[in-house]
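Structure first, commentary second.
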Amino acid sequence: MNNSLLVVIVASAIFYGTPLLFAALGELLAERSGVLNLGVEGMMLMGAVSGFWAVQTFGGPGWLSLLSGVAVAALVAAATSLIHAFLTITLRASQIVSGLALTIFAGATGLSSYIGHVANLSGKPAHHEFTAIDVMGLGDAPFIGPILFHQNALTYASWALVGLILLYLYRTRPGLHLRAVGESPATADAMGINVTAYRYIHTMLGGALAGVGGAFFSLAITPFWLDGMTSGAGWIAIALVIFAFWRPELALVGAYLFGAFSSLAFTLQARQVHLPPEVFSSLPYLMTIVVLVLVSSGWGRRRLGAPAALGVPYVREER
Amino acid sequence: MIRIERRLRESRWLVVAVPIGSLIGAVILSSIILLATGHDPLATWQRLLERGFFSEGAFSATLVQATPLLLTGLAAAAAFRMQTWNIGAEGQLYLGAVGASGIAIALQSQSAALVIPAMVLAGLVTGAAWAAIPGALRAFFRTNEIITSLMLNYVGGLLITYLIFDSHSYWRELSTFTSRVFPQGKYLSPSAAWPSLQIAGIGVPFGFFIGMFAAAGLWMLYRSTRFGFEARVIGDSRSAAHYAGIRTRRKIVAVMALSGAFAGLGGASEIGDFRHVLDPRGLQQASFGYGGIVVAALARLNPFAVIVVALLLGGLSNGGFSLQGADFPAGLVGTLQGLILFCALAGELLVHYKIRLGRPAGVSHKPADAARVGAA
Numbered sequence: 063m064n065n066s067l068l069v070v071i072v073a074s075a076i077f078y079g080t081p082l083l084f085a086a087l088g089e090l091l092a093e094r095s096g097v098l099n100l101g102v103e104g105m106m107l108m109g110a111v112s113g114f115w116a117v118q119t120f121g122g123p124g125w126l127s128l129l130s131g132v133a134v135a136a137l138v139a140a141a142t143s144l145i146h147a148f149l150t151i152t153l154r155a156s157q158i159v160s161g162l163a164l165t166i167f168a169g170a171t172g173l174s175s176y177i178g179h180v181a182n183l184s185g186k187p188a189h190h191e192f193t194a195i196d197v198m199g200l201g202d203a204p205f206i207g208p209i210l211f212h213q214n215a216l217t218y219a220s221w222a223l224v225g226l227i228l229l230y231l232y233r234t235r236p237g238l239h240l241r242a243v244g245e246s247p248a249t250a251d252a253m254g255i256n257v258t259a260y261r262y263i264h265t266m267l268g269g270a271l272a273g274v275g276g277a278f279f280s281l282a283i284t285p286f287w288l289d290g291m292t293s294g295a296g297w298i299a300i301a302l303v304i305f306a307f308w309r310p311e312l313a314l315v316g317a318y319l320f321g322a323f324s325s326l327a328f329t330l331q332a333r334q335v336h337l338p339p340e341v342f343s344s345l346p347y348l349m350t351i352v353v354l355v356l357v358s359s360g361w362g363r364r365r366l367g368a369p370a371a372l373g374v375p376y377v378r379e380e381r
Numbered sequence: 153m154i155r156i157e158r159r160l161r162e163s164r165w166l167v168v169a170v171p172i173g174s175l176i177g178a179v180i181l182s183s184i185i186l187l188a189t190g191h192d193p194l195a196t197w198q199r200l201l202e203r204g205f206f207s208e209g210a211f212s213a214t215l216v217q218a219t220p221l222l223l224t225g226l227a228a229a230a231a232f233r234m235q236t237w238n239i240g241a242e243g244q245l246y247l248g249a250v251g252a253s254g255i256a257i258a259l260q261s262q263s264a265a266l267v268i269p270a271m272v273l274a275g276l277v278t279g280a281a282w283a284a285i286p287g288a289l290r291a292f293f294r295t296n297e298i299i300t301s302l303m304l305n306y307v308g309g310l311l312i313t314y315l316i317f318d319s320h321s322y323w324r325e326l327s328t329f330t331s332r333v334f335p336q337g338k339y340l341s342p343s344a345a346w347p348s349l350q351i352a353g354i355g356v357p358f359g360f361f362i363g364m365f366a367a368a369g370l371w372m373l374y375r376s377t378r379f380g381f382e383a384r385v386i387g388d389s390r391s392a393a394h395y396a397g398i399r400t401r402r403k404i405v406a407v408m409a410l411s412g413a414f415a416g417l418g419g420a421s422e423i424g425d426f427r428h429v430l431d432p433r434g435l436q437q438a439s440f441g442y443g444g445i446v447v448a449a450l451a452r453l454n455p456f457a458v459i460v461v462a463l464l465l466g467g468l469s470n471g472g473f474s475l476q477g478a479d480f481p482a483g484l485v486g487t488l489q490g491l492i493l494f495c496a497l498a499g500e501l502l503v504h505y506k507i508r509l510g511r512p513a514g515v516s517h518k519p520a521d522a523a524r525v526g527a528a
């Protein structure tokens, strides 16, 4: 029963959806503060390479090594996002061009690739990798076992994160302030909220989570390092935020939907479904377009859920 | 105290100074990265410049890189000027290459006078068609064109891989045993090779000439046609354009298609000028589409400046790729391009704003005065 196609697809959808979820949650936080960061792909690749480097470099028991990997990935990607924060928040540069610049700078032909080659990381398996944890021996439970109780630590962490961000956004004062900054920075400023600080912090939180998502690729999915290994996941994460109407719980649904598209290639090929591999590989990209069209032509016409000040620099003298 | 004030008009000399300053800034910043990773920056730059511009045959090789960058740079400039973000030049270039090589295979027994114009046309049309997809989605469903055009880059990359590696397509060579085992594209007949013009010992590719004409055309289009004027209005204010009765939807599709046509031409030139075969790996590794964004931004969307910047960045790419190896790691070219963009963005602040040190004019209260008033 646990080998049935449905269970395998759902379980692997969650696995492949986890990096998308991390990155989408991060982008969601940044966009809620009014900062559109198109550099997610670049930040994920920085996370992938630096997390992998940390695991290869730091010794210690496996869990410690992996923990340091995730921490380094988050820190490095947050530092990368600081460039975008400085350019767009302090210097009021175009958020679109700055985000693209970040992806070119850090991306597959940029700094992440440079670091990977300088540190000689390619072609070697990770010393440690995130493996599935059988929670309370329920991993063999019928149907829900493989889906809910046989995932890796980062996936469980991502579930906790969805809850935390929901609480933060809707049940705490800083969360309320964050939403105010994204909707109407002038009003927030008048209320005495430090708009600049909120935008910096949440852009960098977004970077950190994108970094964790990237590390999931190099430490759980492959697990080795490769140039441009996220292959567009960062862009899908940006689309997910739109698809989720800027709500964390819907980001989870969307991430697993796209996780399913990403994993379909492996699952179906293993079951002797013969189609050219490119058909499966292009599925996540084509579905991103289809979903975006549906969202933007239907309810999205009213830009439901989009922070009103998204993409607009805030200048106190020019309000 | 630092104050930032909006300038009423752009500073003229800064328009030139900022891109040059950006390059210098990027070189300094990447020198820090080189130093941090144990490479000698001076030696690296010296070798890069030598390989890119000054050594034997370097400039011809630089033109090979500059030609597609010129065309994708124009593609980005055409779209960005209207605030339409076509990030899909990469995929549109692949499709242009597919179209141009397809028509060249179909017309292989014909003369060059027929084949070459057909290839140019095919590149234009296929590139434009691929770009019209996100354009139409943007115009009619308000779908974010940044993401859709970018997703189509990946789809385009998978498409050309499929044509050569995973199918018995029209583009794939199947006549010999080795080509059936190790997939490769059909090599084009000599009549499909674009002429290169020798000027002072430097081979200038035909595509580069087309690119220069295209740049002049784009400049004219935006400067002195109704189409260009309306596109500029849309770029400056979409609501103003709407109230002025400009048909924004058509214009979005048209500008996206125009942008895609430039990128598709870049793909056709890749086939006709250099590769003479549909080569999925080579096309994808070069990532000319993303480079075009850097070119356009550094040229501040001016088509003539795009020519100059394409030559410059083409030289850096050429130097970077030809040196790539153990002591010259990959990734430096993209890092440098990203840093150039960052510096150009920071410099844009100087073009539009004045930065003043000190107190705003007309306000003369000093903290010391205030303290004295407080004490009294």
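Order-wise, the sequence lines are chains E and S.
The number in the numbering used here is simply the position in the first sequence, starting from 1, with 62 added.
The number in the numbering used here is simply the position in the second sequence, starting from 1, with 152 added.
Idealized CB from N, CA, C, for every residue including glycine.
- Ranking S130(E), T165(E) and V111(E) by CA distance to the CA of S175(E) puts V111(E) first.
- H212(E) carries a strand assignment under DSSP once its states are collapsed to helix, strand and coil.
- About 5 Å separates the CB atoms of G109(E) and A277(E); that is less than 8 Å, so the two are in contact.
- R433(S) carries a helical assignment under DSSP once its states are collapsed to helix, strand and coil.
- Membership of Q336(S) in any alpha helix (DSSP H) is not indicated, and neither H nor E is assigned to it by DSSP.
- Below the 8 Å Cβ cutoff, chain S contributes I299, L302 and M303 as neighbours of W297(E), in chain order.
- The C-alpha of L302(S) is placed about 21 Å away from the C-alpha of G483(S).
- Within the same chain, G363, F414, L417 and G418 come within 6 Å of L223(S) by CB-CB distance, once the 5 residues on both sides are set aside.
- Taking C-beta atoms as the reference points, P338(E) and Y505(S) fail to come closer than 8 Å.
- Residues of chain S with a Cβ closer than 8 Å to the Cβ of A85(E) do not exist, since the nearest Cβ in that chain sits about 14 Å away.
- Here H179(E) is actually not in contact with D196(E); their C-beta atoms are around 38 Å apart, not less than 8 Å.
- For S174(E), the enclosing alpha helix (DSSP H) stretches over residues L173 to V180.
- Listed by position along chain E, the residues whose Cβ is nearer than 7 Å to that of V307(S) are S344, Y347 and L348.
- As summarised for the stretch 101–150 of chain E, the continuous alpha helix (DSSP H) elements at least 4 residues long and confined to that stretch are 102–119 and 124–147, given in chain order.
- Excluding sequence positions up to five before and after A449(S), its CB lies within less than 6 Å of the CB of L493 and A496, all in the same chain and listed in chain order.
- Against chain E, the beta carbon of V429(S) has no neighbour under 7 Å; the closest one sits roughly 19 Å away.
- Between G486(S) and chain E, the shortest Cβ-Cβ separation is below 8 Å.
- Counting along the chain, I351(S) sits inside the beta strand (DSSP E) bounded by residues S348 to I351.
- Across the set R158(S), F206(S), F317(S) and S474(S), the C-alpha of S474(S) shows the shortest separation from the C-alpha of A438(S).
- Taking a cut-off of 8 Å on C-beta distances, the stretch 86–95 of chain E touches the stretch 298–317 of chain E, as three or more cross pairs fall below it.
- Listed in chain order, the non-local C-beta contacts of V179(S) below 6 Å within the same chain number zero, local neighbours out to five positions each way being set aside.
- Between L83(E) and L314(E), the CB-CB gap stays under 8 Å.
- In chain order, I299 make up the part of chain S whose C-beta sits under 7 Å from the C-beta of I300(E).
- Around the Cβ of G477(S), a 10 Å sphere holds fewer than 16 other Cβ atoms; the residue is exposed.
- With respect to the 8 Å criterion, E242(S) and G424(S) are not classified as neighbours on the basis of their beta carbons.
- Taking 8 Å as the cut-off, the Cβ atoms of G169(E) and L107(E) count as close.
- Only those residues of the stretch 488–501 of chain S whose C-beta falls short of 8 Å from the nearest C-beta of chain E are listed: Q489, G490, L491, L493, F494, L497, A498, E500 and L501.
- For L226(S), the nearest beta carbon of chain E is not closer than 8 Å to its own beta carbon.
- Look at Y260(E) here: in three-state DSSP terms it is helix.
- At a C-beta separation below 7 Å, V315(E) has no neighbours in chain S, since its nearest C-beta there lies roughly 19 Å away.
- If you draw a 10 Å sphere on the C-beta of V458(S), you find 16 or more other C-beta atoms in it, and that means buried.
- Using a CB distance cut-off of 8 Å, R452(S) does not count as an interface residue toward chain E.
- One finds P481, A482 and G483 in chain S with Cβ atoms closer than 7 Å to the Cβ of H179(E), taken in chain order.
- Here L149(E) has A155 and S160 as same chain residues with Cβ atoms under 6 Å from its own Cβ, once five neighbours each way along the sequence are excluded.
- Sixteen is the threshold: since fewer than 16 other Cβ atoms of the shown chains lie within 10 Å of the Cβ of P187(E), the residue is exposed.
- Using a Cβ distance threshold of 8 Å, A409(S) and G287(S) count as a contacting pair.
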